[in-house]
Amino acid sequence: MTDLTEATPHQLLGLYDSPFVRRVAVTMNLYAIPFTHLSLSVFRHMDAMRPLNPLFKVPMLTLPSGEKLFESAYILDYLDELAGERDILPLTPRSGPERRQVQQMMALAIVATEKAVAIEYERKRPGELQWADWTGRLRGQMRQAFTMLEERLAGDFLVGGRLTQADITTVAGIGFVRYVLPHEWPASDYPALARLADRLEASAAFKAVPIDE
Ligand SMILES: N[C@@H](CCC(=O)N[C@@H](CS)C(=O)NCC(=O)O)C(=O)O
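Per our numbering, the very first residue in the sequence shown carries number 10; after that it's consecutive.
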């Protein structure tokens, strides 16, 4: 079992404007796992990041032992294990139909989020290298994924009437779109998702990790 009171806490690398970093940070807050945060950009702080993470891919979580974890899904899996050891209900159920449902909602949320991030990367290219048709395809895929989530959101939460990783991942993605690509978020098309995002963004776990840190 990892001793969460150890002198060296977990360290999370990456800005909170990354929805992948933010979903990890929110999860650590909900599990009350202390961590330090290294706010380095994969683009603007490459010299500082190189010795820590020459992959220039975030999030990266450094464990108290010094071991480094990459890929937010695997990091969340590790955090769920810590939660389980402490008798905290994991945000992704360990087994059964609810696990599958949460994973499938997350799959939709990840498509929406990855396509939104790709739209932003396309916008970063020099104007003459931007491909409007490609951006249009990305936008269509992002909207399709948000529409499928909207259709599936019947009550207060996406799965099982309780907060799960599906909600956190979805709201982290929406947060990115609303902050970085506000013109790509027609809230009136997704009223249920907008309500979920407003509610979760107002919670302590999200407010502690502001996207505009
Ligand atoms: N599948 C990865 C995606 C992470 C990701 O795309 N992070 C972005 C920031 S939002 C990044 O590191 N971009 C730099 C790059 O891909 O070169 C995860 O979930 O951890």
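Ideal Cβ placement from N, Cα and C applies to all residues, glycine included.
Just to confirm before moving on: does the CB-CB distance between residue i and residue j stay below 7 Å?
i    : j    : result
F52  : P18  : no
L167 : A175 : yes
L85  : T36  : yes
V120 : A154 : yes
F29  : P60  : no
T173 : L100 : yes
E107 : G169 : yes
H46  : L70  : no
L202 : E159 : yes
V33  : S81  : yes
N62  : A214 : no
Y40  : A92  : yes
Using the beta-carbon count (16 or more within 10 Å), is residue i buried or exposed?
i    : result
Y25  : buried
R31  : buried
P219 : exposed
A118 : buried
Y83  : exposed
D48  : Just to set this straight, residue 48 is Ser in the shown sequence, not Asp. The residue is exposed, with fewer than 16 neighbouring Cβ atoms inside 10 Å.
From the DSSP secondary-structure annotation, give me the bridge partner or partners of residue i.
i    : result
T101 : DSSP lists no partner for T101.
M69  : L22, F79
H192 : In the DSSP output, where bridge partners are listed per residue, H192 has none listed.
L47  : L22
query = For the segment 64-76 against the segment 126-138, are there 3 or more C-beta pairs whose distance is under 8 Å?
reply = Because the criterion of three Cβ pairs below 8 Å is not met, the segment 64-76 and the segment 126-138 do not touch.
task = Would you be able to state if there are at least three C-beta pairs under 8 Å between the segment 99-112 and the segment 138-152?
result = No: fewer than three Cβ pairs fall under 8 Å.
message = Does the segment 179-187 come into contact with the segment 207-216, if we say contact requires no fewer than three beta-carbon pairs (one atom in each stretch) closer than 8 Å?
response = A contact exists between the segment 179-187 and the segment 207-216.
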